[in-house]
Structure formats: C-alpha cells, structure tokens
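Colleague: Let me begin by handing over the structure; questions about it come next.
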Amino acid sequence: MATRIRPSSKRCAVIGGSGFLGRHLVEKLVDRGYSVSVFDIRQSYELPGVSFHQGDLCDKQALLSALEDVSLVFHCASPAPASDDRLLFERVNIKGTQTVIQACIDAGVQKLVLTSSASVVFEGTDVKNGKEDLPYAKRPIDYYTQTKIEQEKLVLKACDQQKGFLTVAIRPHGIFGPRDPQLVPTLVDAARQGKMKFIIGDGTNLVDFTYVENVVHGHILAAECLRADSPICGKPYHITNDEPVRFWDFMSEILVGLGYAAPRFHLPYGLVYGIALLLWLLTWILRPFMSFKPTFTPMRVALAGTYHYYSCERAKEHLGYKPVVSLKEGIKRTVESYPQLRRGA
Ligand SMILES: NC(=O)C1=CN([C@@H]2O[C@H](COP(=O)(O)OP(=O)(O)OC[C@H]3O[C@@H](n4cnc5c(N)ncnc54)[C@H](OP(=O)(O)O)[C@@H]3O)[C@@H](O)[C@H]2O)C=CC1
Ligand SMILES: CC(C)CCC[C@@H](C)[C@H]1CC[C@H]2C3=C(CC[C@]12C)[C@@]1(C)CCC(=O)C[C@@H]1CC3
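Numbering-wise (the numbering used here), the sequence shown opens with residue 663 and increments by one.
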C-alpha cells in the first residue's frame, strides 16, 4: 500500500496573501524558513520562496492546487470592510470559508488559522478590556462584521482533534502599518478635504490599534502552538498592542506626523452619529441614480466615538504572546512609510 507522504510542517499556504496583513505574514514566514503558497484573487508582488496561485477562494478546485503538500493554512482573505456589498460578504466570508474548510480537509491540511476580528463582539457601544468570552454581537455594526461572526463560528466548529484537523481564530483590532490601504489613506483623504477638524465626542475614548507585525506574530505563535493536545484548539484569541490609546490622540499623531493639523473642535457624538445615519440612508435610497461614498459612515462614527479595547491576556497565557513593536515605534514606522501621503507631496 502506498504511504501518504506527510506534508512538511514548514510548508504553508496564505489565503489572502496579496493583501495588507497577508503580505506581511508571508514575508515573516519566509524569514522563518517556511515555504509559502499564496492564494489570492490578485497577485501584488513577487518574492523568492513564494509560489502564487491566483483564484477565488469560493472555487474549491483552484484552492486544492494551492494546498498540495501543505500542512498549515492561514486564511486572511476578505472583501474590504468599507464595501457595502452584502452578497459579496456572504459569498466570500461565509460560503467561501465553508469551501476553504472543505478544501483543507480534502487536501489533508492539519492546521487552519483564521484571521477573524475583535469586532465580532462590538455593537457600537463601549467595550472596555473585552475578553474572548463576550457573546458575539447580536446587532453587528455592518454586514462585514455580521459575516466575520459566521465565518469565525464555522472555523472554530470545524476543529476536530480526533480527526487531526485543528483550527484557531486570531481576532486583531485596528491593524495599521506600512502598505495599509485603509486606515492612513482614509484619514489623509479626509484631512485633504478639510474634514479632520473635529473630534467626535469628548475625545477620551480608548481603543486598540495594533501594529501589523504584532498581528503577524500572534498568527505564527498560534500556528506553532496548535497541537491536538493544546488548549488553544477551536478557540479565538485577541491580539492587540496591549496599549489602548485615545482614538483621537492616535489619529492626531498620524496626522501631525504627516504634516497635517490635528483635529481640535468637539462635536457631540449623538449629533454626528445621527447625521451619518441620515446620510447613509440618503445614499442608500439614491443608489440607483448616483454613487456617493460619505467619509463619516455610521460604522466609522461608532468606531471613532466609543471605547473598544480588548484584553490579550489569554493570548499571553496560552500562546506566550507579547507585542514585539510598541505603539510609538509602530506609529513612527507607519508615518515614515507613507512619503507620498505627506502634506504637500
Ligand atoms: N485591517 C484591519 O484593521 C483588520 C482586518 N481584519 C481581518 O484581517 C484580514 C486581512 O485584512 P487586510 O489585510 O486588512 O485586507 P486586504 O483587503 O488588504 O487583504 C485581503 C486580501 O484578500 C483578497 N480577497 C478578497 N476576496 C477574495 C476571494 N474571493 N478569493 C481570494 N482572495 C480574496 C483581497 O483581494 P482584493 O484586494 O482584490 O479584494 C486581498 O488581497 C481580513 O480577514 C480582515 O477581515 C481583522 C481586524 C482588523
Ligand atoms: C474619518 C475618520 C473619522 C476615521 C478614519 C480612520 C478609519 C478609516 C479607521 C479607524 C478605525 C478603523 C477600523 C477598521 C477600518 C478602518 C477604521 C474604520 C476596521 C473596521 C477594519 C476591519 C475590522 O475588522 C475592524 C476594524 C476596526 C477599526
């Protein structure tokens, strides 16, 4: 009888490896001696030691060719959270994740590490030092979060120690760093349009912003700790910088670092949220006639005006996690990485 060759434990696949977090993860894995297959709907770079497989993760056959001889899979693909395409989120984050799980099982993959989000417990009201045992949001803030909840449940439920298919979910929050296409570019765009003069609320709300290398570190630790007898099987883990910061101080540091003025004038949270909701409704009604994307969506206002920071004690205890880059250093590296976004550039 032919014996099945056990895939090398240093051979892994990163689904979503062309994206912001995915690429940082791929680079670190290569540094650590892994050979990596990237599966993504697009290819955005080339790197020695990395093979690229372009395809849609909803296509099992396409996935299977990228998972050949792979023992460990990271799934960090998702449509952009700013999209309001509910069907796309459902197709990719829910149905696509079912396909990823099935493809992993069919290909004999032993470990699946999902990039979830700490927002799966966030309903638009304060979360202070939230732990992993908080219930999933009953009223998630948007379709993106709604489908991240379903996605996480699917992956954690698929964990089967008897069958040797092990899963774990990493819940990062507010990832930032070089090449991030969302946070800094959106902020600078708003500043260039003169929209960053106001602080929503009293400006004291603490939130987590997590430097991308810390998120990568959490993923790799989870993958390396995932064994049939480990307590981490089938569990979610918050990964943060462990340095909650005032939302508006963080935004101001980035803005000032890039040469823009920090916001100064306060506006009441309820008023801004109400206006954002009205605008959102209006753009939704007028969608067939015009396309207009407001900067201050209800989701962004909720994130800008409430507390949302999370405990990473469980990750420290079970994974040996400790942030490797401080918030101050992360901000410095991020600001330096965007010369094209500096004021006047
Ligand atoms: N950024 C953040 O602050 C946070 C992110 N997360 C999670 O981290 C993960 C990575 O996020 P981030 O790096 O910021 O996102 P990116 O959009 O930069 O990366 C996601 C990648 O997945 C690709 N992708 C999208 N749909 C498919 C598909 N159907 N098949 C194959 N590939 C696909 C994207 O391609 P394309 O760009 O063409 O769509 C992109 O290359 C996501 O799961 C996100 O939910 C969690 C918490 C916070
Ligand atoms: C215009 C300003 C008020 C806000 C500009 C910055 C925002 C674009 C970002 C501030 C918090 C960020 C955040 C996310 C995306 C970018 C921000 C809204 C996520 C929604 C990304 C995906 C997640 O899983 C959760 C994140 C929470 C924080």
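We put the beta carbon where it would ideally sit given N, CA and C, even for glycine. This one's a predicted model, so the numbers in the text were calculated from it and none came from an experiment.
Please state whether DSSP places Gly792 in a helix, a strand or coil.
Modeller: In the structure shown, Gly792 sits in a strand (DSSP, three-state: E or B).
Colleague: Is it right to say Asp693 is buried, meaning 16 or more other beta carbons lie within 10 angstroms of its own, or is it exposed?
Modeller: That one is exposed.
Colleague: Hey, would you say Phe736 sits closer than 9 angstroms to His715, going by beta carbons?
Modeller: Contact flag unset, no.
Colleague: Report the three-state DSSP secondary structure of Val771 (helix, strand or coil).
Modeller: It is coil, neither helix nor strand.
Colleague: Going by beta carbon distance, what residues of the same chain come within less than 6 angstroms of Cys887, once the five residues before and after it are set aside?
Modeller: Counting only Cβ-Cβ distances below 6 angstroms, and skipping sequence neighbours, we find Ile894 and Leu981.
Colleague: Can you give the Cα-Cα distance for Leu683 and Gly992, rounded to whole angstroms?
Modeller: Cα-Cα distance, rounded: 14 angstroms.
Colleague: Reducing DSSP to helix, strand and coil, say where Tyr971 ends up.
Modeller: Three-state DSSP puts Tyr971 in a strand.
Colleague: Tell me whether Ala664 is buried or exposed, calling it buried when 16 or more other Cβ atoms sit within 10 Å of its Cβ.
Modeller: At Ala664, the pLDDT of 40 sits below 50, so the modelled position is not reliable and the matter cannot be decided from this model.
Colleague: Going by C-alpha distance, which of Lys978, Pro1001, Tyr1000 and Tyr969 is nearest Thr787?
Modeller: When only C-alpha atoms are compared, the closest one is Tyr969.
Colleague: To test your reading of the DSSP string, which unbroken beta strand (DSSP E) runs of 3 or more residues are found completely within the stretch 722-783?
Modeller: With a minimum length of 3 residues, the continuous beta strand (DSSP E) runs that stay inside the stretch 722-783 are 734-737 and 773-777.
Colleague: Across the stretch 959-968 and the stretch 854-868, are there enough close Cβ pairs to call them in contact, namely three or more that are closer than 8 angstroms?
Modeller: These segments touch.
Colleague: Determine whether the beta carbon atoms of Val850 and Lys773 lie at a separation below 9 angstroms.
Modeller: Not closer than 9 angstroms, so no.
Colleague: Between the beta-carbon of Thr761 and the beta-carbon of Asp721, is there less than 9 angstroms?
Modeller: The answer is yes: Cβ separation under 9 angstroms.
Colleague: Can you round the beta-carbon distance between Pro985 and Asn876 to whole angstroms, since I take them to be within the 8 angstroms contact cut?
Modeller: Pro985 to Asn876, Cβ: 4 angstroms. Contact.
Colleague: How would you label Pro906, buried or exposed, when you count the other beta carbons within 10 angstroms and need 16 or more for buried?
Modeller: By the 10 Å Cβ count, Pro906 comes out buried.
Colleague: DSSP puts Thr829 in a beta bridge; with which residues?
Modeller: Answer by DSSP bridge pairing, in chain order: Leu774.
Colleague: So is the beta-carbon of Pro843 under 8 angstroms away from any non-hydrogen atom of ligand 3?
Modeller: This structure simply doesn't include ligand 3; it includes ligand 1 and ligand 2 instead.
Colleague: Quick check on the DSSP output: the alpha helix (DSSP H) that includes Asp822 runs from which residue to which?
Modeller: Neither: Asp822 is in no alpha helix (DSSP H) and is coded neither H nor E.
Colleague: Going by the beta-carbon positions, is the gap between Gly695 and Val688 smaller than 9 angstroms?
Modeller: No, Cβ-Cβ distance for Gly695 and Val688 is not below 9 angstroms.
Colleague: Is it right to say Lys810 is buried, meaning 16 or more other beta carbons lie within 10 angstroms of its own, or is it exposed?
Modeller: Lys810 comes out buried.
Colleague: Can we say the stretch 755-771 touches the stretch 812-826, given the rule of at least three CB pairs closer than 8 angstroms?
Modeller: Contact holds: three or more Cβ-Cβ distances are below 8 angstroms.
Colleague: Does the distance from the C-beta atom of Leu868 to that of Lys793 stay below 9 angstroms?
Modeller: Contact flag unset, no.
Colleague: Examine ligand 1 and report whether any of its heavy atoms sits within less than 8 angstroms of the Cβ of Ile763.
Modeller: Result no, Cβ not under 8 angstroms from ligand 1.
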